[in-house]
Amino acid sequence: MDEPNKALRLQGLTKFYGSQRGIEDLTLDVRPGEVFGFLGPNGAGKTTTIRMILGLIHPTRGRGEVLGLDIVKDSVRLRAQVGYLPGDLALYDRMQGKDLLEFVGRMRGGVPATAYEQLAERMQLDLDRRIKDLSRGNRQKVGVVAAFMHSPRLLVLDEPTSGLDPVVQQEFQRLVRETVDAGATVFLSSHVLAEVEEMADRVGIVVSGRLAVVDTVDTLRERAARKIELDFPAAPPDLTGAPGVQRVDVRGATATCWLTGPAGSLLKLAVDHGVVDIHTHEPDLEDAFLGYVTGEDS
Amino acid sequence: MSAVVLPVPHAAPQVLVLTLRTLRDRWRSTFGWGLGLVLIGIMQLAVYPSVASSSEGMQAFVDQWPDALKEAFGLDAYTTGAGFLNAEMFSMMIPLVLIAIATTAAAAATAGEEERGTADLLLSLPVSRNRVMAAKVLAGGIAVVLVAGATWLTIAVGAPFVDLEIAAGDLAAGILMTTLLALFFGAVTLLIGAATGKRTVALGVGVGLALAAFLLNALAPLADWLEPWQDASPFRWALGNEPLLNGVDVAMAGLLLGLSIVLLVIAAIAYRRHDIGGR
């Protein structure tokens, strides 16, 4: 088999549920060895896309390949190469963690117990407890171990850190990085920019069933509109003219500005009008996306 | 990138692992139904001696009933071994319990996994839907056969103790025909579940059709307008020839088995095309 030069390739991939759009005309390449962040608000079509890649649902049109394997025709062979963490994880509740992982391993043709025991130890997961007795975070850990234990070549992770506490999130991020260093590719969906920007090399943003943009995390962050709140002693001055300001909301003596690029000119203007206090916020996804849309309009 | 191409697992061990997993999942309910049926069998056997000893009075009483009513309640020759077993066990209790096992297993098989959300995990593994279907059919079939076998064993072992005369072959024929009947309604349920992904819809259709077929077969002798339709009832196919007296009706057994296989093939095709619903 020729080594394909794309870990994941989607071409015009489309899914309609009746007349309702899941995702439309998605074309996307993920390179081998990269972490690709698939970003978008809830309901944008991320999970629909992922479930088509896994063969759980069938495309309305378009096609896709994982490592050169067709997502419809070669689905079973494809799934042997993939580790999947569902966004809405449901496990066999009555089983113990170790029984579930042993079952998953056997269905994969035999995964040595040491593989999942080591991962469980790393994630500080007790495999002797019944799944129904585990907290949401610990269940999610079982899902993580099940997705990673067979050393897959592509990891498809749908909102992976939901429910994990911050310490475990860090361990999870280290695990992702090591897996990538060992040669795997990661396709990571999220509705939180912060989750993705820690790990991803490139990001695609999907909104209302359409891919809005694909870019590197650095570029995205640069172009993302940051929110800056400025408190003035009285009614704020007109700040819309300052370079890089996309939008201004005024409420009482506070002006909230969405800004791309350097903040110098805006701050200078604010200081000249006697600004009292400044609050800055990390750009979240909606703000980042706003930066893109307005940036392209202008 | 990692050069290791992971192989697709072989069919037999995969199907076996999933079959065992499914059986373990359904063990409690299967055991419960089976125990119930065995206990009912023991109870019925226990009352047989009193029925047999009052045979003249009992038979005279039953003989006064209209023929249609006797047929409806399976009361011909009520005091003979075969007649008694037919009236008390094979005309209703055994088929309905076996159908309950088959339909609940079939509804849980694909639609149940889908409603619980575990289908996403299972079908993200390198296993084809055909193999999943095969394992689920095997597990459901084994559950029905185990309970049917336990019932057969109970009656076969218990009958001599209460002087209930029944030919071993005829008893086995009765069990076989009711088992095939249950598998047929299981296949119906599996098809609906595979096509819709909805457990309650599948169970409703499967159980509803089974009850309709049961009532049609039982009530047809009582109503002229129903009588022509009796032959449309799978209960009639399975039990119309009185297997406890006449052994296996090969044509009808073949009909039930053949239709079940056709339904299973359609179910497998429907399942392959089905979009697994998110929760």
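So the sequence lines, in the order shown, correspond to chains A and B.
One point on numbering: in our numbering, the residue at position 264 of the first sequence is 264, and numbering is uninterrupted.
One point on numbering: in our numbering, the residue at position 259 of the second sequence is 259, and numbering is uninterrupted.
Note that beta-carbon positions come from the ideal geometry of N, C-alpha and C, so glycine has one too.
Next on the checklist: Could you tell me the alpha carbon to alpha carbon distance between Gly247(B) and Met93(B), rounded to whole angstroms?
Outcome noted: 19 Å
Checklist entry - Residues of chain A with CB under 8 Å from Thr118(B), in chain order? => result Ala90, Leu91, Tyr92
Checklist entry - Shortest alpha-carbon distance to Ile23(A) belongs to which of Leu134(A), Pro59(A), Tyr92(A)? => result Pro59(A)
Item to check | Close Cβ partners of Leu69(A) (< 6 Å) along its chain, the five nearest in sequence each way excluded | outcome: Arg77, Leu78
Checklist entry - From Val207(A), Leu175(A), Pro166(A), Ala182(A), pick the residue whose C-alpha is nearest to that of Ala194(A); which is it? => result Pro166(A)
Next on the checklist: With a threshold of 7 Å on Cβ separation, who are the neighbours of Val145(A) within its own chain once the five nearest residues in sequence on each side are excluded?
Outcome noted: Leu101, Tyr116, Leu119, Ala120, Met123, Leu125
Next on the checklist: What would DSSP say about Thr154(B), mapped onto helix, strand or coil?
Outcome noted: helix
Checklist entry - CA-CA distance, Leu180(B) and Met252(B)? => result 10 Å
Checklist entry - Quick one: what's got a C-beta closer than 8 Å to Gly137(A)'s C-beta in the same chain, skipping five residues either side? => result Gly163, Leu164, Asp165, Val168
Item to check | Closer than 7 Å to chain A by CB, Arg21(B) | outcome: yes
Next on the checklist: When you compare the CB positions of Leu286(B) and Tyr48(B), do they come within less than 7 Å of one another, or not?
Outcome noted: Absent from the structure is residue 286(B), since the part of chain B shown begins at 1 and ends at 279.
Checklist entry - Just how far apart, CA to CA, sit Gln20(A) and Tyr271(B)? => result 22 Å
Checklist entry - Is Ser189(A) helix, strand or coil by DSSP? => result strand
Next on the checklist: Using a Cβ-Cβ cutoff of less than 8 Å, which residues in the same chain neighbour Pro152(A) once the five nearest sequence positions on both sides are dropped?
Outcome noted: Gln81, Val82, Gly83, Ala184
Checklist entry - DSSP three-state call for Thr27(A): helix, strand or coil? => result strand
Next on the checklist: Under 7 Å, Cβ to Cβ, is there at least one residue of chain A near Leu6(B)?
Outcome noted: yes
Item to check | Cβ distance (whole Å) where Asp120(B) is taken to contact Pro86(A) below 8 Å | outcome: 5 Å
Item to check | Near-chain A residues of the region 257-278 of chain B (beta-carbon distance less than 8 Å), N- to C-terminal order | outcome: Arg273, Asp275, Ile276, Gly278
Checklist entry - What three-state label does DSSP hand Ala172(B) in the structure shown? => result helix
Item to check | Below-7 Å beta-carbon distance, Gln81(A) vs any chain B residue | outcome: yes
Next on the checklist: Please list, in chain order, the chain B residues whose beta carbon lies closer than 7 Å to that of Pro233(A).
Outcome noted: Those within 7 Å of Pro233(A) in chain B number zero; the least Cβ separation is about 52 Å.
Next on the checklist: Using CA atoms only, rank isn't needed, just tell me which of Leu23(B), Ala106(B), Leu123(B), Gly81(B) is closest to Ile276(B).
Outcome noted: Leu123(B)
Item to check | Partners in chain B for Pro243(A), counting only beta-carbon separations shorter than 7 Å | outcome: None at all; the shortest Cβ gap to chain B is about 43 Å.
Next on the checklist: Quick check for students: name the residue ranges of the beta strand (DSSP E) that lie wholly in the region 39-66 of chain A, counting only runs of 3 or more.
Outcome noted: 61-66
Next on the checklist: If distances are taken between C-alpha atoms only, which option among Leu45(B), Thr196(B), Ala143(B), Thr189(B) comes closest to Glu88(B)?
Outcome noted: Leu45(B)
Next on the checklist: So with CB distances below 9 Å, who are the chain A contacts of Val17(B)?
Outcome noted: Phe103, Arg106, Met107
Checklist entry - Hey, would you say Ile228(A) sits closer than 7 Å to Thr161(A), going by beta carbons? => result no
Next on the checklist: Please report whether the beta-carbon of Pro9(B) lies at a distance below 7 Å from any beta-carbon of chain A.
Outcome noted: yes
Checklist entry - When you compare only the Cα positions, how much space is there between Ile261(B) and Gly140(B)? => result 14 Å
Checklist entry - Nearest to Pro209(B) by alpha carbon, out of Thr196(B), Phe184(B), Leu222(B), Trp225(B)? => result For the record, residue 209(B) in the displayed sequence is Leu; it is not Pro. For Leu209(B), the nearest C-alpha among the options comes from Phe184(B).
Item to check | DSSP three-state assignment for Val4(B), whether helix, strand or coil | outcome: coil
Next on the checklist: At the 7 Å Cβ level, is Ile278(A) part of the contact set with chain B, yes or no?
Outcome noted: no
Next on the checklist: Just checking Phe185(B) against the ligand SAM - is the residue's beta carbon closer than 6 Å to any of the ligand's heavy atoms?
Outcome noted: Only the bare structure without any ligand can be found here, which leaves the ligand SAM out of the picture.
Item to check | Within chain B, the residues that Tyr84(A) reaches when beta carbons sit closer than 7 Å | outcome: Ser124
Next on the checklist: If distances are taken between C-alpha atoms only, which option among Leu230(A), Asp93(A), Gly264(A) comes closest to Pro243(A)?
Outcome noted: Gly264(A)
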